[in-house]
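Numbering (my numbering), first residue to last: 1081 to 1508. Even for Gly, the Cβ is constructed at its ideal location relative to N, Cα and C.
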Amino acid sequence: MSDPLRLGIAGLGTVGAGVVKIVRQKAALLEARTGRRIAISAVSARNRDKDRGVPLSSYAWEDDPVTLATRDDVDVFVELVGGSDGPAKAAVEAALKAGKDVVTANKALLAHHGQALAELAEANGCVLRFEAAVAGGIPVIKALTEGLAANEITRVMGVMNGTCNYILTRMENGGLSYDEAFAEADALGYLEADPELDVGGIDAGHKLSLLSAIAYGTQVAFDAVELEGIGRVSIEDIRQAADMGYKIKLLGVCRMSGRGLEQSMSPCLVPATSPLGQLEGGTNMVVIEGDQVGQIVLRGAGAGEGPTASAVMGDIMDIARGIRVTTFGAPASQLVASTPAKAATPAPYYLRFALADKPGALAKVASALGEAGVSIHRMRQYDHAADAAPVLIVTHKTTRAALDAALAAMPATGVVDDTPVALRIEQV
Ligand code: HSE
1081 MSDPLRLGIA GLGTVGAGVV KIVRQKAALL EARTGRRIAI SAVSARNRDK DRGVPLSSYA
1141 WEDDPVTLAT RDDVDVFVEL VGGSDGPAKA AVEAALKAGK DVVTANKALL AHHGQALAEL
1201 AEANGCVLRF EAAVAGGIPV IKALTEGLAA NEITRVMGVM NGTCNYILTR MENGGLSYDE
1261 AFAEADALGY LEADPELDVG GIDAGHKLSL LSAIAYGTQV AFDAVELEGI GRVSIEDIRQ
1321 AADMGYKIKL LGVCRMSGRG LEQSMSPCLV PATSPLGQLE GGTNMVVIEG DQVGQIVLRG
1381 AGAGEGPTAS AVMGDIMDIA RGIRVTTFGA PASQLVASTP AKAATPAPYY LRFALADKPG
1441 ALAKVASALG EAGVSIHRMR QYDHAADAAP VLIVTHKTTR AALDAALAAM PATGVVDDTP
1501 VALRIEQV
């Protein structure tokens, strides 16, 4: 009988409590599947007295996660504290330096420090695993790192923030304004403590940057993700997009082209009939395209106690089985610094703006687009008010740079109110 695998768990929020429950309630199953008993030596959290719905008295308590991470009776440090710096980073670094394997759900930490931490892990002969950091219960890290390892990845797309997808779904299905749907998500407790992490696309951008690193063998480059949140998406755009057969999703896309690595997290139109278009509520979806496998679609819960704890346990059980995979699917020293390519792949765009209702106005807009090399595919003017009317334009494929040049020229036409809404149409 081999020795138990001993855990030190820092962070006893929803996910931490979920992990403790699985270790306690499914001990026989875990041992049967890994051939090793999984035990908890010690735990740590900010508040010792809080009732977490699970007995903790049989575990040693540490106030300081760094002390927990380096205890002699801890083989695997499980970091569920969160945050890109501070105690989470200090404790993970301390654990790796002390030769402990690390399992974390912390996307922000890895998005900002993934390369340095992967190097530190390998220098110390440790593994650093993070399945729960991306798309909750969906085993997408394992899929990309292991199951699809023989593929050249042509594109990864993902709806990876359930809160945003919930808000957009409620706007579409419930006819709510953005503010109403946001308030509903808030009341349901979906929003992060800093809601901008969700609605600003930052949380989903963190996740995308981790997938890009694995998919393309590059160093994590969160700063190079082109980020746009959902705050400017209006019910009007959702309705117009639906009328044309599209849904609006906060969509992450990464792909490598001759120009470099493209990573964007922004509201996009996707065909309503596609798997991404049909994704409703707080669910996540990741679509991976590989040269051998073709397209695969992974769908499931992106957050919550059970799904996220399930992902954490998958990593812990790999370690118990003796499976030792590099952090980003290749030795950290071989991950290359990527050249960021800003939305270089041409795509059609959806544009909406209010146009003055007077002779020659449309011609001026068409001319601004034409001079920037942007060709119009479809156009509609509707709901004429007294002196202005909304105009919808779907362009032919164009680069974002050409489109931005056209949009920059719009104010000078004197016929367009406000900044036009411009959303990419992703072909999926
Ligand atoms: N706040 C995230 C979401 C879950 O709404 O999907 C944690 O990353």
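If you draw a straight line from the alpha carbon of residue i to that of residue j, how long is it in whole angstroms?
{"i": "residue 1354", "j": "residue 1508", "result": "7 Å"}
{"i": "residue 1171", "j": "residue 1220", "result": "25 Å"}
{"i": "residue 1127", "j": "residue 1085", "result": "26 Å"}
{"i": "residue 1340", "j": "residue 1413", "result": "20 Å"}
{"i": "residue 1386", "j": "residue 1263", "result": "25 Å"}
{"i": "residue 1440", "j": "residue 1447", "result": "10 Å"}
{"i": "residue 1256", "j": "residue 1250", "result": "6 Å"}
{"i": "residue 1467", "j": "residue 1347", "result": "30 Å"}
{"i": "residue 1317", "j": "residue 1449", "result": "20 Å"}
{"i": "residue 1137", "j": "residue 1166", "result": "27 Å"}
{"i": "residue 1377", "j": "residue 1365", "result": "7 Å"}
{"i": "residue 1261", "j": "residue 1275", "result": "13 Å"}
{"i": "residue 1329", "j": "residue 1504", "result": "11 Å"}
{"i": "residue 1205", "j": "residue 1391", "result": "23 Å"}
{"i": "residue 1321", "j": "residue 1457", "result": "15 Å"}
{"i": "residue 1266", "j": "residue 1238", "result": "23 Å"}
{"i": "residue 1470", "j": "residue 1268", "result": "34 Å"}
{"i": "residue 1489", "j": "residue 1451", "result": "9 Å"}
{"i": "residue 1188", "j": "residue 1241", "result": "14 Å"}
{"i": "residue 1169", "j": "residue 1332", "result": "26 Å"}
{"i": "residue 1149", "j": "residue 1179", "result": "10 Å"}
{"i": "residue 1105", "j": "residue 1141", "result": "20 Å"}
{"i": "residue 1349", "j": "residue 1131", "result": "44 Å"}
{"i": "residue 1259", "j": "residue 1499", "result": "20 Å"}
{"i": "residue 1397", "j": "residue 1323", "result": "47 Å"}
{"i": "residue 1417", "j": "residue 1301", "result": "8 Å"}
{"i": "residue 1092", "j": "residue 1129", "result": "11 Å"}
{"i": "residue 1506", "j": "residue 1290", "result": "21 Å"}
{"i": "residue 1270", "j": "residue 1363", "result": "12 Å"}
{"i": "residue 1410", "j": "residue 1214", "result": "18 Å"}
{"i": "residue 1459", "j": "residue 1476", "result": "11 Å"}
{"i": "residue 1492", "j": "residue 1472", "result": "19 Å"}
{"i": "residue 1222", "j": "residue 1107", "result": "23 Å"}
Taking the alpha carbon of residue i as the point to measure from, which residue in the options has its own alpha carbon closest?
{"i": "residue 1176", "options": "1309, 1158, 1163, 1162", "result": "1158"}
{"i": "residue 1295", "options": "1270, 1311, 1233", "result": "1233"}
{"i": "residue 1314", "options": "1479, 1248, 1242, 1357", "result": "1248"}
{"i": "residue 1345", "options": "1304, 1326, 1316", "result": "1304"}
{"i": "residue 1253", "options": "1361, 1226, 1211", "result": "1361"}
{"i": "residue 1453", "options": "1428, 1437, 1469", "result": "1428"}
{"i": "residue 1272", "options": "1497, 1461, 1302, 1094", "result": "1094"}
{"i": "residue 1337", "options": "1166, 1425, 1363, 1274", "result": "1425"}
{"i": "residue 1186", "options": "1205, 1445, 1459, 1090", "result": "1090"}
{"i": "residue 1116", "options": "1106, 1224, 1083", "result": "1083"}
{"i": "residue 1160", "options": "1222, 1195, 1123", "result": "1123"}
{"i": "residue 1173", "options": "1207, 1291, 1143", "result": "1207"}
{"i": "residue 1494", "options": "1129, 1445, 1485", "result": "1445"}
{"i": "residue 1156", "options": "1393, 1496, 1435, 1498", "result": "1393"}
{"i": "residue 1096", "options": "1306, 1224, 1125", "result": "1125"}
{"i": "residue 1147", "options": "1192, 1088, 1197, 1359", "result": "1088"}
{"i": "residue 1438", "options": "1382, 1417, 1496, 1476", "result": "1496"}
{"i": "residue 1226", "options": "1403, 1421, 1419, 1455", "result": "1403"}
{"i": "residue 1306", "options": "1293, 1342, 1107", "result": "1342"}
{"i": "residue 1282", "options": "1121, 1478, 1192, 1359", "result": "1192"}
Tell whether a beta-carbon distance below 9 Å holds between residue i and residue j.
{"i": "residue 1474", "j": "residue 1431", "result": "yes"}
{"i": "residue 1183", "j": "residue 1151", "result": "no"}
{"i": "residue 1400", "j": "residue 1110", "result": "yes"}
{"i": "residue 1235", "j": "residue 1367", "result": "yes"}
{"i": "residue 1099", "j": "residue 1119", "result": "no"}
{"i": "residue 1218", "j": "residue 1370", "result": "no"}
{"i": "residue 1501", "j": "residue 1433", "result": "yes"}
{"i": "residue 1388", "j": "residue 1163", "result": "no"}
{"i": "residue 1298", "j": "residue 1415", "result": "yes"}
{"i": "residue 1284", "j": "residue 1244", "result": "yes"}
{"i": "residue 1134", "j": "residue 1101", "result": "yes"}
{"i": "residue 1288", "j": "residue 1327", "result": "no"}
{"i": "residue 1435", "j": "residue 1461", "result": "yes"}
{"i": "residue 1481", "j": "residue 1422", "result": "yes"}
{"i": "residue 1198", "j": "residue 1406", "result": "yes"}
{"i": "residue 1309", "j": "residue 1279", "result": "yes"}
{"i": "residue 1395", "j": "residue 1202", "result": "no"}
{"i": "residue 1194", "j": "residue 1293", "result": "yes"}
{"i": "residue 1479", "j": "residue 1455", "result": "no"}
Can you determine whether any heavy atom of ligand 2 sits closer than 8 Å to the C-beta of residue i, and answer yes or no?
{"i": "residue 1133", "result": "Questions concerning ligand 2 fall outside what the structure shown contains, since the ligands it does hold are ligand 1."}
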